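**Student:** Residue numbers (this note's numbering), protein chains in the order written: chain A, 4 to 194; chain B, 4 to 194.
Built from N, CA and C at the ideal position, the CB exists for glycine as well.
Bear in mind that the values here come from a model prediction, so they are computed numbers and not experimental data.
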DNA sequence: ATTTTAAGATTACAAATATCATCTAAAGGA
DNA sequence: TCCTTTAGATGATATTTGTAATCTTAAAAT
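1) Could you name each continuous alpha helix (DSSP H) segment of 4 residues or more that falls completely within the stretch 44-95 of chain B, going from the start of the chain to the end?
2) How would you list, in chain order, the residues of chain A whose beta-carbon sits under 9 Å from the beta-carbon of residue 35 of chain B?
3) If we cut at 8 Å on Cβ distances, does residue 161 of chain B have a partner in chain A?
4) In chain A, which residues lie with their C-beta within 7 Å of the C-beta of residue 128 of chain B?
5) Against chain A, with Cβ distances strictly below 8 Å, would residue 134 of chain B count as a contact?
6) So with CB distances below 7 Å, who are the chain A contacts of residue 30 of chain B?
7) Taking buried to mean at least 16 other C-beta atoms within 10 Å of its own C-beta, is residue 13 of chain B buried or exposed?
8) Mind the definition here: the stretch 94-106 of chain B touches the stretch 83-102 of chain A only if three or more C-beta pairs lie below 8 Å; say whether that holds.
9) So within the stretch 115-153 of chain A, which uninterrupted alpha helix (DSSP H) runs reach at least 4 residues, ignoring any that extend past its ends?
10) Pairing CB atoms from the stretch 18-37 of chain A with CB atoms from the stretch 49-66 of chain A, are three or more of them under 8 Å?
11) Count the CB pairs spanning the stretch 160-180 of chain A and the stretch 105-115 of chain A that are closer than 8 Å, and state whether there are at least three.
12) Assuming contact is defined by CB atoms lying nearer than 8 Å, are residue 152 of chain B and residue 139 of chain B in contact in what I supplied?
13) Please confirm whether residue 185 of chain B and residue 158 of chain B have their CB atoms less than 8 Å apart.
14) Using a Cβ distance threshold of 8 Å, determine whether the stretch 22-29 of chain B contacts the stretch 64-72 of chain B, with at least three qualifying pairs required.
15) Quick one: grab the DSSP three-state call for residue 30 of chain B.
16) Going by Cα to Cα distance, which pick from B/75, B/147 and B/143 is closest to residue 90 of chain B?
17) For a quick check, are the C-beta atoms of residue 76 of chain B and residue 82 of chain B less than 8 Å apart?
18) So which residues of chain B does residue 148 of chain A contact, with C-beta pairs closer than 7 Å?
19) Counting only Cβ pairs nearer than 9 Å, list the residues of chain A close to residue 118 of chain B.
20) What's the gap between the Cα of residue 189 of chain B and the Cα of residue 148 of chain A?
21) Between A/134, A/150 and A/179, which lies nearest to residue 154 of chain B when the distance is taken from Cα to Cα?
22) My assumption, with CB atoms under 8 Å, is that residue 57 of chain A sits in contact with residue 122 of chain A. Please give the rounded CB distance.
23) Between which two residues does the alpha helix (DSSP H) carrying residue 174 of chain B extend?
24) Roughly how many angstroms separate the alpha carbons of residue 80 of chain A and residue 134 of chain B, rounded to a whole number?
25) Would you mind stating whether residue 117 of chain B and residue 127 of chain B have Cβ atoms separated by less than 8 Å?
26) Between residue 192 of chain A and chain B, is the shortest Cβ-Cβ distance under 8 Å, so that the two count as touching?
27) Measure the C-alpha to C-alpha separation of residue 23 of chain B and residue 194 of chain B and round it to an integer number of angstroms.
28) Just the chain A side, please: which residues come within less than 7 Å of residue 164 of chain B by C-beta, in chain order?
29) Judging by CA-CA distance, which residue of B/101, B/54 and B/43 is the nearest neighbour of residue 9 of chain B?
30) Between which two residues does the alpha helix (DSSP H) containing residue 103 of chain B stretch?
31) Excluding the five sequence neighbours on either side, which residues of its own chain have a C-beta within less than 6 Å of the C-beta of residue 48 of chain B, listed in chain order?
32) If the cut is a Cβ gap below 7 Å, which residues of chain B does residue 167 of chain A touch?
33) Give me the Cα-Cα distance between residue 2 of chain B and residue 7 of chain A, rounded to the nearest whole angstrom.
34) Just checking: is the beta-carbon of residue 41 of chain A within a distance shorter than 8 Å of some beta-carbon in chain B?
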């Protein structure tokens, strides 16, 4: 287990980011140790600092990596209606039962938004950028502030958070339905 | 520092809950140690287990205590318009700049909702109850599921979470405005 | 009044964890 | 080919943390 090629190092780096992006979303960044991440990436904890200067740095990088993945997933979705179809498809997917339990691949802002705000400067910065990027996906009008996109994003984040707290599937379903109704309303009746 | 009267014990218990409810909201329950809570309550960590069986138990109890405080604060607000005025006042207060930084007294669901879902059975149960109680405050119609209240609550939670991630006051303000516009829309145009 | 109980302080302890030092062997440059 | 560098493994360290044992002393119970 000695020195590996530059390409191998990049693959390792990627595996660390993949593992962290999943584990942080599933269990929170504070409840996940560096060793756990490295282990999930198929390595021991020792090599970690060849890739990141600190855990805080990893939190920021893994969060951005997670957002990158989600945004790419949306954009590669082919719909006949173009951007509007993409948007509607994402809203439906976001407010689905599948997204409820699939924390590890789910919305990074919903899973980590609250703790990012107290995780240091770099993670906070990534959170700020993610807010704008994720809302951009939902943009309707040419409004430069994209307030509509922000509002729909906020409604969806809150909905999935509430639905994940439900104790039975019926309550979770009801919450998701409330979110869907609300999102449709915000789309149709905006200002 | 010996045995105290029953009344004194209750006062201590209350101080622990107050401290935990604030510190958990400010820094997260995972990032806050039992010793920190006890210290903020004016005691050493030794006596903690006379009051709670485990930290997880404290997380659940402190979260409920926080929700109790918020709900009580809403209900004692006197408005000329009765319950509708109460509701509007709470929405305005929730989506205010003051609520942005006042994490320690702010909405427990926004601060802790995501981590409650992974903090064990008792905390999860409190989260589920809180969802219903907090949405109840926002109820408009006689809809037994209170989907409108749920949607408005979700929108507000997401809005404050996004606004807290903003890097400058302007972006935070824009996000709050988006939430206010959305909330008004959900109130006026529901189904 | 005497005995029992228990709140909170002090101390102890075992587990977890972020970070660092060292070692290895192979990669990349000379 | 030789030399320097470095990815990742192994192991160590210092700190933090949840929990428990023990002690003191006054409150309750008898």
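**Tutor:** This is what the structure gives:
1) 58-78
2) As a first step, residue 35 of chain B must be located in the second chain, where it is residue number 32. None at all; the shortest Cβ gap to chain A is about 10 Å.
3) As a first step, residue 161 of chain B must be located in the second chain, where it is residue number 158. Cβ-Cβ to chain A under 8 Å: yes for residue 161 of chain B.
4) In the second chain, residue 128 of chain B corresponds to position 125, counting from 1. Going along chain A in sequence order, the residues near residue 128 of chain B (Cβ under 7 Å) are 170.
5) Within the second chain, the letter at position 131 stands for residue 134 of chain B. Yes, because at least one Cβ of chain A sits closer than 8 Å to the Cβ of residue 134 of chain B.
6) One-based indexing of the second chain puts residue 30 of chain B at position 27. 121, listed in chain order.
7) For the purposes of this step, residue 13 of chain B is identified with residue 10 of the second chain, where counting begins at 1. With fewer than 16 other Cβ atoms within 10 Å, it is exposed.
8) no
9) 124-140
10) yes
11) yes
12) The residue you call residue 152 of chain B lines up with position 149 of the second chain. The residue you call residue 139 of chain B lines up with position 136 of the second chain. Closer than 8 Å, so yes.
13) Walking along the second chain from the start, residue 185 of chain B turns up at place 182. Walking along the second chain from the start, residue 158 of chain B turns up at place 155. The answer is yes: Cβ separation under 8 Å.
14) yes
15) The residue you call residue 30 of chain B lines up with position 27 of the second chain. In this structure, residue 30 of chain B counts as helix in the three-state DSSP scheme.
16) In the second chain, counting from the first residue as 1, residue 90 of chain B sits at position 87. Here the closest residue by C-alpha is B/143.
17) To locate residue 76 of chain B, count along the second chain from 1; it is residue 73. To locate residue 82 of chain B, count along the second chain from 1; it is residue 79. No, these two residues do not count as a Cβ contact at 8 Å.
18) Residue numbering aside, residue 148 of chain A sits at position 145 when the first chain is read from its first letter. Going along chain B in sequence order, the residues near residue 148 of chain A (Cβ under 7 Å) are 177.
19) Start at 1 with the first residue of the second chain, and residue 118 of chain B comes out as number 115. Near residue 118 of chain B (Cβ distances below 9 Å), the residues of chain A are 31, 33, 34, 117 and 118.
20) Taking the second chain and counting its residues from 1, the one referred to as residue 189 of chain B is at position 186. Taking the first chain and counting its residues from 1, the one referred to as residue 148 of chain A is at position 145. Distance between the alpha carbons of residue 189 of chain B and residue 148 of chain A: 20 Å.
21) The residue you call residue 154 of chain B lines up with position 151 of the second chain. Nearest of A/134, A/150 and A/179 to residue 154 of chain B, Cα basis: A/179.
22) Walking along the first chain from the start, residue 57 of chain A turns up at place 54. Walking along the first chain from the start, residue 122 of chain A turns up at place 119. Between residue 122 of chain A and residue 57 of chain A the Cβ distance is about 11 Å, and since that is not below 8 Å, they are no contact.
23) The sequence position of residue 174 of chain B within the second chain is 171, counting from 1. Counting along the chain, the alpha helix (DSSP H) containing residue 174 of chain B begins and ends at 172-192.
24) Within the first chain, residue 80 of chain A is the residue found at index 77, counting from 1. Within the second chain, residue 134 of chain B is the residue found at index 131, counting from 1. Distance between the alpha carbons of residue 80 of chain A and residue 134 of chain B: 33 Å.
25) Locating residue 117 of chain B in the second chain gives position 114, where the first residue counts as 1. Locating residue 127 of chain B in the second chain gives position 124, where the first residue counts as 1. The answer is no: Cβ separation not under 8 Å.
26) Start at 1 with the first residue of the first chain, and residue 192 of chain A comes out as number 189. Output row for residue 192 of chain A: interface = yes.
27) Looking up residue 23 of chain B in the second chain gives position 20. Looking up residue 194 of chain B in the second chain gives position 191. Each residue's alpha carbon lies about 40 Å from the other.
28) Numbered from 1 along the second chain, position 161 holds the residue referred to as residue 164 of chain B. Chain A residues near residue 164 of chain B: 116, 117 and 160.
29) Here residue 9 of chain B refers to the residue found at position 6 when the second chain is read from its first residue. Measuring from the Cα of residue 9 of chain B, the nearest candidate turns out to be B/54.
30) Counting from one through the second chain, the residue named residue 103 of chain B turns up at place 100. Unbroken alpha helix (DSSP H) run through residue 103 of chain B: 100-104.
31) Sequence index remark: in the second chain, residue 48 of chain B carries index 45 (1-based). Counting only Cβ-Cβ distances below 6 Å, and skipping sequence neighbours, we find 37, 38 and 41.
32) In the first chain, the residue the question calls residue 167 of chain A occupies position 164. 120, listed in chain order.
33) Nothing can be reported for residue 2 of chain B, as the shown portion of chain B is limited to 4 through 194.
34) Mapped onto the first chain, residue 41 of chain A falls at position 38. Not one chain B Cβ lies under 8 Å of residue 41 of chain A.
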